[in-house]
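Residue 1453 is where the sequence shown starts when you use the numbering used here, and the numbers rise one by one after that.
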Amino acid sequence: MRIYFTLYLIPVVVVSLLVFWVALRRETHRLVFVLVVSVAALAALHPVFAAVALGLVLVTHQLVEAYRAQRLRGARVVLIAVVVALVTIGVGKYGRQGALALWWSEDDWIVTHLVMPLGVSYFAFRMLQYVFDCVRGVIEENSLLRLAAFMMWIPAFPAGPLETYQGFYAKRTAGFERQEFYYGLRRIALGYFKKVFVVDFVFAIFFGRITGTIGKTAFGPDDVGWWWPLAFCVIVFVRAYFDLSAYTDLAVGFSRLFGFRIMENFHFPFWQKNLSAFWHSWHISLSTWVRNNVYFPVFGLTRKTWLGLYASMLVMGLWHAVDLNWLAWGLWHGTGLVVVARWERWKKARRKRRKRAGLPPAAAYERFTRWLAYPATFLYVALGYGFVATPSFEQALRVLVNVVRLPLAWAAGVVL
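Encoded structure:
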């Protein structure tokens, strides 16, 4: 994330824009320049991973070349790519802990350089998407330069979006467009406003103490009011949106300055009619990746919707971190999506039964459930953040227990 807050960002961007749009005319020269700047920027922050990333680009290119030359079958190419991606993510996220657990100390070179940037997960998924699309026949070319420029594109490196290879190039402007440039500047300003003012000032200064106090209360004693842990989950959820969407604004904005129209990652996620609609508006690039590469293959093999949904959300959870908290988060969202899918099928069947019986549509009931679904979706997603915003799985469970315990007791008292 530091790439957006380095002291040299403004002069580097200004010089790069002048060279890109004024000095260079040919597409090949511009891609070479983009690649050099991206690699240099990444190397300045993390030289080891810059070298690793370039090596993975070369491996990806050679895998596709071997497939095109029929030296490797598609299934084997996919298997190798998946193994390489998993090893990359595993070493990047857990290599340091593994080295410390074996015999190295905090001061050893290998330990200090095994801490990979957050972008390692996005990079690995972009690599997999390219291999999948080449094997499926979606991508017909295999240019090493275009592949490297796409995978190393530095604005999207820290936190996405997970743009596809074809989308990265197909939506690019033919030349300099003033409206695109101004739009990019506005998105950059919006991104810095969200990150610097909303996240690092408003949430840190005003909500920091609140979330700290609520957090201690929420997963502390068992006799707290249900509103404290609920407020904790809501605040963490809203903060996550502003933080993640800020980086999307920055990635989209800086990309637009250079004529690249990368995809959006968020679209009014706080007000969606159900959990399925939420995942079409939240972290769109990641949810699209998982839907195309996990849900559809699992559903195609098993013809079971629930299995595809659970597999998708478990992969998404474990992509963030391999621990009980994110595993529970994946199960939470998988369960919610399964319930939504069955609820939608039940509603369709109910409408058909009423129509066959000659009964009018239950307009009042439909309207009530439709409006109730919006806040229910928001609260369900917010409660899911209780799993990943707490230090341990035990404390996460305590948060959820404290949220539902008193309302359930009140409801039971009313019924009894």
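Quick reminder that beta carbons are idealized off the backbone N, C-alpha and C, glycines included.
Output the distance between the C-alpha atoms of T1700 and I1606, rounded to the nearest integer angstrom.
Approximately 13 Å between the Cα atoms of the pair.
Are the Cβ atoms of S1573 and W1771 separated by less than 7 Å?
In this structure, W1771 lies closer than 7 Å to S1573 by Cβ.
What is the DSSP secondary structure of I1591, reduced to helix, strand or coil?
Three-state DSSP puts I1591 in coil, outside helix and strand.
Flag this pair as yes or no: are the beta carbons of A1608 and I1541 separated by less than 7 Å?
Not closer than 7 Å, so no.
Enumerate, from N- to C-terminal direction, the unbroken beta strand (DSSP E) stretches of 3 or more residues contained entirely within the segment 1499-1526.
Correct list: empty.
Could you tell me which uninterrupted beta strand (DSSP E) segments, each at least 3 residues in length, are contained entirely in the segment 1726-1773, listed from first to last along the chain?
Given a length threshold of 3 residues, the segment 1726-1773 has no whole run of the beta strand (DSSP E) inside it.
Taking just the CA atoms, how far does L1783 sit from A1841?
If I take the Cα positions, the gap works out to 16 Å.
What is the rounded straight-line gap between the Cα of S1879 and the Cα of R1805?
With the chain covering only 1453 through 1868, there is no way to say anything about residue 1879.
Reduced DSSP secondary structure (H/G/I, E/B, other) of T1842
It is coil, neither helix nor strand.
Candidates T1480, P1610, V1530, V1486: which alpha carbon is nearest L1470's?
The residue with the shortest Cα to Cα distance from L1470 is V1486.
Please classify K1799 as buried or exposed, where buried requires at least 16 other C-beta atoms within 10 Å of its C-beta.
With fewer than 16 Cβ atoms within 10 Å of its Cβ, K1799 is classed as exposed.
Only counting the same chain, and skipping five residues up and downstream in sequence, which positions put a Cβ closer than 8 Å to that of A1527?
The beta carbon of A1527 sits closer than 8 Å to no other beta carbon from its chain once the five residues preceding and following it are set aside.
Answer yes or no: do T1829 and L1727 have a C-beta to C-beta separation smaller than 7 Å?
In terms of Cβ geometry, T1829 and L1727 form a close pair [threshold 7 Å].
Work out the CA separation of T1458 and Q1472 for me, nearest whole Å.
According to the sequence as given, residue 1472 is Phe; it is not Gln. Going by C-alpha positions, F1472 is about 21 Å away from T1458.
Name the residue from V1474, S1707, F1820 whose alpha carbon lies nearest to the alpha carbon of Y1621.
Looking at the Cα atoms, S1707 is the closest of the given residues.
Starting from the Cα of F1584, find the closest Cα among G1571, K1623, F1633, A1533 and give me that residue.
The shortest C-alpha separation from F1584 is found at A1533.
Backbone secondary structure at L1580 - three-state DSSP
Residue state for L1580 is assigned as helix, using DSSP reduced to three classes.
Assign S1595 to one of two classes, buried (16 or more other C-beta atoms within 10 Å of its C-beta) or exposed (fewer than that).
S1595 comes out exposed.
Going by C-alpha distance, which of F1710, S1697, T1754, R1808 is nearest H1719?
S1697 is the residue among F1710, S1697, T1754, R1808 whose C-alpha sits nearest the C-alpha of H1719.
Do you know whose CA, among Q1522, V1529, Q1847, lies nearest V1511's CA?
The shortest C-alpha separation from V1511 is found at V1529.
Between which two residues does the alpha helix (DSSP H) harbouring T1700 extend?
It spans 1679-1709 - the alpha helix (DSSP H) in which T1700 sits, taken as one unbroken run.
Rounded C-alpha distance that separates R1482 from L1476:
Separation of R1482 and L1476 (C-alpha to C-alpha, rounded to the nearest whole angstrom) is 6 Å.
Among residues of its own chain, excluding the 5 on either side of F1633, which ones have a beta-carbon nearer than 8 Å to its beta-carbon?
Cβ neighbours of F1633 within its own chain (closer than 8 Å, five residues either side excluded): R1708, L1709.
Let's test the definition: count the other Cβ atoms within 10 Å of the Cβ of R1850 and tell me whether it reaches 16, buried, or not, exposed.
Counting the other CB atoms within 10 Å of its CB gives R1850 a total of 16 or more, which places it among the buried residues.
Could you check what DSSP says for L1868 in three-state terms: helix, strand or coil?
With a pLDDT of only 45 at L1868, under the threshold of 50, the placement of this residue in the model should not be trusted, and no figure is reported.
What is the DSSP secondary structure of T1616, reduced to helix, strand or coil?
The answer is coil: DSSP assigns T1616 none of H, G, I, E or B.
Hey, quick one: how far does the alpha helix (DSSP H) through K1646 stretch, first residue to last?
Premise fails: K1646 is in no alpha helix (DSSP H) and is neither H nor E.
Would you kindly check if the distance between the Cβ of S1737 and the Cβ of L1642 is under 7 Å?
In this structure, the beta-carbon distance from L1642 to S1737 does not fall below 7 Å.
Among the residues of its own chain, which have a CB less than 8 Å from the CB of F1751, if the five just before and after it don't count?
Once the five neighbours on either side are set aside, the close Cβ partners of F1751 are T1757, L1759, G1760.
Limits of the unbroken alpha helix (DSSP H) element including G1627
Segment: none, G1627 is in no alpha helix (DSSP H) and carries neither H nor E.
With a CB to CB cut of under 6 Å and the five nearest residues on each side skipped, what residues in its chain are close to R1857?
The answer is none, since no qualifying residue turns up.
Three-state class that DSSP yields for Q1847 in the structure shown
Collapsing the DSSP output to three states places Q1847 in a helix.
Quick one: residues in its chain with C-beta nearer than 7 Å to the C-beta of A1780, no 5 flanking neighbours on either side, listed in chain order?
Hits under 7 Å: F1839, F1845, A1848.
Whose C-alpha, out of G1636, I1640, L1515, is nearest the C-alpha of F1712?
For the residues G1636, I1640, L1515, the minimum Cα distance to F1712 belongs to G1636.
E1479 lies in the alpha helix (DSSP H); which residues open and close that run?
Here the alpha helix (DSSP H) through E1479 covers 1479-1497.
Check each candidate in A1763, W1778, K1725, W1723 and name the one with the smallest Cα separation from W1741.
Closest option to W1741, Cα to Cα, is A1763.
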